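Just below is one structure, and these are the notes that go with it.
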Ligand code: FES
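Protein chains in written order, with the working numbering: chain E, -2 to 139; chain H, 194 to 621.
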């Protein structure tokens, strides 16, 4: 091709998070792990969390999914680090979409998958540590 | 930008052959007449269309150029064939037989007709994507008015036993149409030997321009028009012809026929090199469809790579300059896996990891080696990111391609974690 523009399926931000994903991997002694699948496309996402003093110290992901799912999980783990459990339970996929500078309409569910994997990991933590998060627990099971 | 590009999506488009492009040029500027006009400009262009008809007839060994009809593309040709033949025969019956792995332009035309009282039977294909002509025979009822079976499958390259089906159709006096959009120019076509009454194709798959399609139909395929408002194409398809594209397409057809032996030999060699290379260098990778040989289009390579998904492969390949299609380019926006891959019984997770490569005459052996190398690299990268690959390593899930007999199947696993999602989403 003679023109020099770089044509890509997603915007630069999404491509960057897809090509150079942040926080990819597992946490060995994770405090909470969530793995969820998207019924629409069959993609699967797993998020592990390290939680200390009610705060998310570290978040890692592994994703079997499209470019936008990989970018969403990369971004979600970036956004969530440092938040309290209560804050994290309010996390919404829209934050991921905004931080990524938008996703194509058919790819919004990929960011929903990230939200759900994160919440599943938090639920897992809450289940194991009911004492640590008494009011967070009520929020989680609502 | 990638240092090298390898275009492996020739089923979606091919570069126009420079000889074809040269032949087209005068028809934009000097020879610009409308073939329906009665003056010298019109008559001159009419001549050019006649020549193109001959060239298209030559490619598929049609008896007469009169049997060649121009449309805007393969999709319109398929719509015209299905709807046109169905309407023309509706007094005789309302039943249509197709293969389950037809192109969406056929499937959706059929769905449209169903709303108007037509019915259809879908004939199953085997694991290689090939149907059994006996199943076509068994599906025939006294209401059957049309049999439509594609020549070569778009996704997996399977070649259907068209001549045998043609025999059955002719014996029963039922019109027989074949969608040859994935084969024309790459697999020899002889409409007389194949016993088809109608056949569609488009030259942009063999180095002609986009914007023109061809519908061959002989006397046995009665056809009513679906586009009205003019007498073009003997009243079968109204609308001013795309003259430059038809002229270019005609030459592309002539060249395709003349150069076919070399083109086939070339891509077949590349196909084998690519398939062998991928199968040996990339673990847990499977070739979809028939092996190289008489039952597979020489230009198609369809593969499924386990534990990773197709779009990521496509994006990373593109980043390395390798352009491919993912599990059926027409459906990639709908998130569904290709109906063809489901029809051959491919596991859902494997179908998700499928990509399609279609070879062309300008690809080289070293391109194939580069693609194999690149594919090995990107598959490894995507697997390190995939929870499925981990779980496979840990023995929690099993491989479908090379089962070890430990762990549950991917599908069971996926259902379990998606079930979790469904519970949650009801609370959303
Ligand atoms: S397409 Fe389903 S997660 Fe991206």
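All residues carry an ideal CB built from backbone N, CA and C; glycine is no exception. Everything numeric in this text was worked out from a predicted model, so none of it was measured.
Beta strand (DSSP E) segment containing residue 296 of chain H, residue limits: Counting from one through the second chain, the residue named residue 296 of chain H turns up at place 103. In the DSSP annotation of this structure, residue 296 of chain H is not part of any beta strand (DSSP E), being labelled neither H nor E.
Classification of residue 334 of chain H by the beta-carbon crowding that lies within 10 angstroms, buried from 16 upward: For the purposes of this step, residue 334 of chain H is taken as the residue at position 141 of the second chain. That one is exposed.
Contact under 7 Å by Cβ, residue 638 of chain H with residue 490 of chain H: For residue 638 of chain H there is no data in the structure shown, the boundaries of chain H being 194 and 621.
Buried or exposed (CB count within 10 angstroms, at least 16 for buried), residue 356 of chain H: Within the second chain, numbered from 1, the residue matching residue 356 of chain H stands at position 163. Exposed: under 16 other Cβ atoms inside 10 Å.
Span separating the alpha-carbon of residue 349 of chain H from that of residue 77 of chain E: Looking up residue 349 of chain H in the second chain gives position 156. Looking up residue 77 of chain E in the first chain gives position 80. Looking at the two C-alpha atoms, the distance is approximately 43 Å.
Closest Cα partner of residue 510 of chain H within the set H:549, H:473, H:532 and H:404: The residue given as residue 510 of chain H occupies position 317 in the second chain. Considering only alpha carbons, the answer is H:549.
Coil, strand or helix - residue 353 of chain H by DSSP: As a first step, residue 353 of chain H is located in the second chain; it is residue number 160 there, counting from the start. Correct three-state label for residue 353 of chain H: coil.
Cβ separation of residue 46 of chain E and residue 111 of chain E, assumed to be a contact under 8 Å, to the nearest whole Å: To locate residue 46 of chain E, count along the first chain from 1; it is residue 49. To locate residue 111 of chain E, count along the first chain from 1; it is residue 114. Going by Cβ atoms, the distance from residue 46 of chain E to residue 111 of chain E rounds to 13 Å, so no, they are not a contact pair.
Proximity of residue 590 of chain H and residue 603 of chain H at Cβ, strictly below 7 Å: Reading the second chain from its first residue, position 397 is the one you call residue 590 of chain H. Reading the second chain from its first residue, position 410 is the one you call residue 603 of chain H. Yes; because the gap between Cβ atoms is below 7 Å, this pair is in contact.
Neighbour flag for residue 72 of chain E against chain H, beta carbons, 7 Å: Mapped onto the first chain, residue 72 of chain E falls at position 75. No, residue 72 of chain E does not count as interfacial toward chain H.
Three-pair Cβ contact test at 8 Å for the region 416 to 436 of chain H versus the region 284 to 303 of chain H: no
Neighbour flag for residue 506 of chain H against chain E, beta carbons, 7 Å: The residue you call residue 506 of chain H lines up with position 313 of the second chain. Interface flag for residue 506 of chain H against chain E is unset, since no Cβ pair is found closer than 7 Å.
Cβ shell of residue 519 of chain H (< 8 Å), same chain only, five flanking positions each side left out: Here residue 519 of chain H refers to the residue found at position 326 when the second chain is read from its first residue. If the five residues before and after residue 519 of chain H are omitted, its C-beta is found closer than 8 Å to the C-beta atoms of 503, 504, 506, 507, 525, 547, 548 and 549, all from its own chain and listed in chain order.
Assigned secondary structure, residue 513 of chain H (DSSP; H/G/I helix, E/B strand, else coil): By 1-based counting over the second chain, the position of residue 513 of chain H is 320. In this structure, residue 513 of chain H counts as coil in the three-state DSSP scheme.
CA nearest to the CA of residue 150 of chain H, picked from H:293, H:424, H:308 and H:533: In the structure displayed, chain H extends from 194 to 621; residue 150 of chain H sits before or after that span and is not available.
Closer than 7 Å to chain E by CB, residue 545 of chain H: Indexing the second chain from 1 puts residue 545 of chain H at position 352. Answer yes: the Cβ-Cβ gap between residue 545 of chain H and chain E drops below 7 Å somewhere.
Cβ-based burial, residue 230 of chain H [other Cβ within 10 Å; buried from 16]: Along the second chain, one-based indexing puts residue 230 of chain H at 37. Residue 230 of chain H should be labelled exposed.
Spatial distance of residue 208 of chain H from residue 555 of chain H (CA atoms): The residue labelled residue 208 of chain H in the question sits at position 15 within the second chain. The residue labelled residue 555 of chain H in the question sits at position 362 within the second chain. Cα to Cα, the separation comes out at about 10 Å.
Test: residue 125 of chain E CB closer than 7 Å to a CB of chain H: As a working note, residue 125 of chain E is residue 128 in the first chain. No, because no Cβ of chain H sits closer than 7 Å to the Cβ of residue 125 of chain E.
Residue 84 of chain E versus residue 557 of chain H - alpha carbon distance: The sequence position of residue 84 of chain E within the first chain is 87, counting from 1. The sequence position of residue 557 of chain H within the second chain is 364, counting from 1. Taking the straight line from one Cα to the other gives about 56 Å.
Proximity test, Cβ basis, 7 Å: residue 32 of chain E and chain H: To locate residue 32 of chain E, count along the first chain from 1; it is residue 35. Cβ-Cβ to chain H under 7 Å: yes for residue 32 of chain E.
First through last residue of the beta strand (DSSP E) which encompasses residue 33 of chain E: To locate residue 33 of chain E, count along the first chain from 1; it is residue 36. Start and end: 29 to 34.
Cβ-heavy atom distance, residue 607 of chain H to ligand 1, below 6 Å: In the second chain, residue 607 of chain H corresponds to position 414, counting from 1. Residue 607 of chain H: no, Cβ never under 6 Å from ligand 1.
Cβ of residue 426 of chain H within 7 Å of any chain E Cβ: In the second chain, the residue the question calls residue 426 of chain H occupies position 233. Interface annotation, residue 426 of chain H: not in contact with chain E, CB-CB separation never under 7 Å.
Beta-carbon proximity of residue 514 of chain H to residue 212 of chain H, cut-off 7 Å: Walking along the second chain from the start, residue 514 of chain H turns up at place 321. Walking along the second chain from the start, residue 212 of chain H turns up at place 19. No, these two residues do not count as a Cβ contact at 7 Å.
Under 7 Å from the C-beta of residue 62 of chain E: neighbouring residues of chain H: For the purposes of this step, residue 62 of chain E is taken as residue 65 along the first chain, with counting starting at 1. The contacting residues are 502.
Contact under 7 Å by Cβ, residue 74 of chain E with residue 51 of chain E: Stepping through the first chain from its first residue, residue 74 of chain E is reached at position 77. Stepping through the first chain from its first residue, residue 51 of chain E is reached at position 54. No Cβ-Cβ contact shorter than 7 Å links residue 74 of chain E with residue 51 of chain E.
Alpha-carbon to alpha-carbon, residue 60 of chain E and residue 1 of chain E: Here residue 1 of chain E refers to the residue found at position 4 of the first chain. Here residue 60 of chain E refers to the residue found at position 63 of the first chain. A direct Cα-Cα distance of roughly 32 Å separates residue 1 of chain E from residue 60 of chain E.
Beta-carbon proximity check, residue 450 of chain H vs residue 252 of chain H, cutoff 7 Å: Here residue 450 of chain H refers to the residue found at position 257 of the second chain. Here residue 252 of chain H refers to the residue found at position 59 of the second chain. In this structure, residue 252 of chain H lies closer than 7 Å to residue 450 of chain H by Cβ.
Near ligand 2: residue 62 of chain E beta-carbon under 6 Å from a heavy atom: This structure lacks ligand 2; the ligands present are ligand 1.
Minimum length 4: unbroken alpha helix (DSSP H) runs contained in the region 212 to 266 of chain H: 219 to 222 and 233 to 253
Identity of the residues DSSP links to residue 429 of chain H by a beta bridge: Position 236 of the second chain, counting from 1, holds the residue named residue 429 of chain H. Paired residues: none, contrary to the question.
Neighbour list for residue 43 of chain E in chain H, Cβ cutoff strictly below 7 Å: Residue mapping note: residue 43 of chain E aligns to position 46 of the first chain, counting from 1. Chain H residues near residue 43 of chain E: 580.
Residue 518 of chain H, DSSP secondary structure in three states: Taking the second chain and counting its residues from 1, one reaches residue 518 of chain H at position 325. Here residue 518 of chain H sits in strand by DSSP.
Short CB-CB distance (under 7 Å) between residue 27 of chain E and chain H: For the purposes of this step, residue 27 of chain E is taken as the residue at position 30 of the first chain. No, residue 27 of chain E does not count as interfacial toward chain H.
C-alpha distance - residue 467 of chain H paired with residue 456 of chain H, whole-angstrom precision: As a working mapping, residue 467 of chain H is identified with position 274 in the second chain. As a working mapping, residue 456 of chain H is identified with position 263 in the second chain. Computed Cα separation, rounded: 16 Å.
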